[in-house]
Amino acid sequence: YAGTGRLETIRVELPKGSYVPAFTRVAETQTPRVSAREHITVKPTGLILVGIALGVLVLGVIALVTRDTFQTDNAAVEVAGTSSASVFDVSPSRVEAENLARLGRDMIFPATDPGRLTASLAVFRSAIASDPDYFGGHAGAAQVLTLIAITSADDDAAARASEEAEAAGDRAISLAPDSAWAVSAHGMAAWARGDHDAALLLSSKAYGIDPGDVYVAEFDALLSLFTGHFDKVIERIEPFLVESSLYRGFVFHNALGSSYFHLGDFERSAEVLTDAINNRGPFGPAPYAYLMAAKYELGETQEARELAKRFSETWPNSKITHLFARIFVDQQYALDLEKAMTGAGWQSD
8 YAGTGRLETI RVELPKGSYV PAFTRVAETQ TPRVSAREHI TVKPTGLILV
58 GIALGVLVLG VIALVTRDTF QTDNAAVEVA GTSSASVFDV SPSRVEAENL
108 ARLGRDMIFP ATDPGRLTAS LAVFRSAIAS DPDYFGGHAG AAQVLTLIAI
158 TSADDDAAAR ASEEAEAAGD RAISLAPDSA WAVSAHGMAA WARGDHDAAL
208 LLSSKAYGID PGDVYVAEFD ALLSLFTGHF DKVIERIEPF LVESSLYRGF
258 VFHNALGSSY FHLGDFERSA EVLTDAINNR GPFGPAPYAY LMAAKYELGE
308 TQEARELAKR FSETWPNSKI THLFARIFVD QQYALDLEKA MTGAGWQSD
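In terms of the working numbering, the sequence shown opens at residue 8 and continues consecutively.
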């Protein structure tokens, strides 16, 4: 459309990273002024336009499948805010890996669900199979494997997951040392091997690289919670909740409610955790246990007992105290929570 096609009022574009053509109409008033000689050019009919569209699509797919790289000149059209790089510069396997990794990130939480973690890990491994050189597949795998390691009741399985997490984290950081996600994953792998200080340091570094990455913020909040930095959790998460409707699928409410509990603000803890339920967030046995404990500490005994009953019915084999014992560096936090849960009527697993 920079040359003879600049007169056309219908444009066919293939956005970078997509296999689906976009059809846009250019207003007549936006058509460049041309000389009388150029005006005699015959405009394509509707049928020809369709042929052109199909031709563009076929060429795009052929170029993607053969994975050839073509260079475009300075006249290349920019598409929807992207750079002027041609769609032909994009590897289809890379696009597939990125899409899979993005899906995998959305599947991780609630992290106490083994089936969900297994499914998420399978997606990240598929991303790695599609493009072994894309860091996202390895980064996501490292994070999920770490969660498997710290939530598993099987010590041997936890040890294997920890080893795999470290290998995946190392691979991610080698491929993208400046990526917030890769640094965050490297931090999670450090947590899996028991190096909590390194994990917290790397997580904070990742947050500093890209404080707007909500996925990075999620893991940073969790590691801060596990290490007892509750004020830091509140400082990091509260800004995200200003637009709470945007983050309904994230664990911000859960980490925030848990932090308020350990700081002794049981009313705020119960309020935030109740919001998590109402917003249909990733709500599993851990935040439910906190809600039960907060209600008990508030003296709302009847509601606390009802929550304890529902907890036992919903997650009879949760091993929740085992989980809290594994994730907290300071065991006193796990004991405080268990005491309140027991007071609510919950029976230790």
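Backbone N, C-alpha and C fix where the C-beta goes; we use that ideal spot for every residue, glycine too.
Review point. For R167, does the three-state DSSP call read helix, strand or coil?
Key: If DSSP states are grouped into helix, strand and coil, R167 belongs with the helices.
Practice item. Less than 8 Å between the CB atoms is what I'm expecting for A301 and S276, so what's the real figure, rounded? Key: Taking the Cβ atoms as the reference, A301 lies roughly 4 Å from S276, within the contact range of under 8 Å.
Review point. From D204 to I284, what does the alpha carbon distance come to, in whole angstroms?
Key: Taking C-alpha positions only, D204 is separated from I284 by approximately 32 Å.
Review point. With burial defined as no fewer than 16 other Cβ atoms inside 10 Å of the residue's Cβ, what is the status of S266: buried or exposed?
Key: If you draw a 10 Å sphere on the C-beta of S266, you find 16 or more other C-beta atoms in it, and that means buried.
Point to revise | contact_flag[the stretch 101 to 114, the stretch 137 to 144] where n(CB pairs < 8 Å) is 3 or more | key: These segments touch.
Review point. Short check: CB of T158 to CB of L124, under 9 Å?
Key: For the 9 Å CB-CB criterion, T158 and L124 form a contact.
Review point. With a CB to CB cut of under 7 Å and the five nearest residues on each side skipped, what residues in its chain are close to T234?
Key: Result list for T234: H203, L207, V336, in chain order.
Exercise for review: Work out the CA separation of A213 and G147 for me, nearest whole Å.
Suggested key: Their backbone Cα atoms lie some 14 Å apart in a straight line.
**Study point:** Inter-residue spacing [alpha-carbon to alpha-carbon] between G350 and M299
**Key:** C-alpha separation (whole angstroms): 10 Å.
**Study point:** Euclidean distance between Cα positions of W322 and S98
**Key:** Those two C-alpha atoms are separated by around 44 Å.
Check your understanding: Do you know how far the Cα of E15 is from the Cα of P289?
Key -> Rounded to the nearest angstrom, the two C-alpha atoms are 49 Å apart.
Check your understanding: Is W188 near T153, with beta carbons less than 9 Å apart?
Key -> No, the pair does not count as a contact, with Cβ atoms beyond the cut-off.
Point to revise | Nearest-angstrom Cα separation, counted from R101 out to S186 | key: Approximately 17 Å between the Cα atoms of the pair.
Check your understanding: Quick one: complete alpha helix (DSSP H) runs, 4+ long, within the stretch 243 to 312?
Key -> Qualifying alpha helix (DSSP H) stretches, in chain order: 259 to 269, 273 to 285, 292 to 304.
Practice item. Give every residue of the same chain whose Cβ lies closer than 8 Å to the Cβ of L248, excluding the five residues on either side of it in the sequence, and list them in chain order. Key: Closer than 8 Å at Cβ, skipping near neighbours: Y254, F259, H260, L263.
Review point. Alpha carbon to alpha carbon, what distance is there between A149 and S133?
Key: When rounded, the distance between both Cα atoms is 14 Å.
Point to revise | Spatial distance of W353 from E310 (CA atoms) | key: Approximately 12 Å between the Cα atoms of the pair.
Point to revise | Inter-residue Cα distance where the pair is L21 and G219 | key: The straight-line gap from Cα to Cα measures roughly 29 Å.
Check your understanding: Any heavy atom of the ligand GDP closer than 8 Å to the CB of T125?
Key -> In the structure shown, the ligand GDP is absent, as is every other ligand, since no ligand is present at all.
Exercise for review: Within the same chain, show all residues whose beta-carbon is closer than 7 Å to that of R200, passing over the 5 residues directly before and after it, in chain order.
Suggested key: Same-chain partners within the cutoff: S169, E173.
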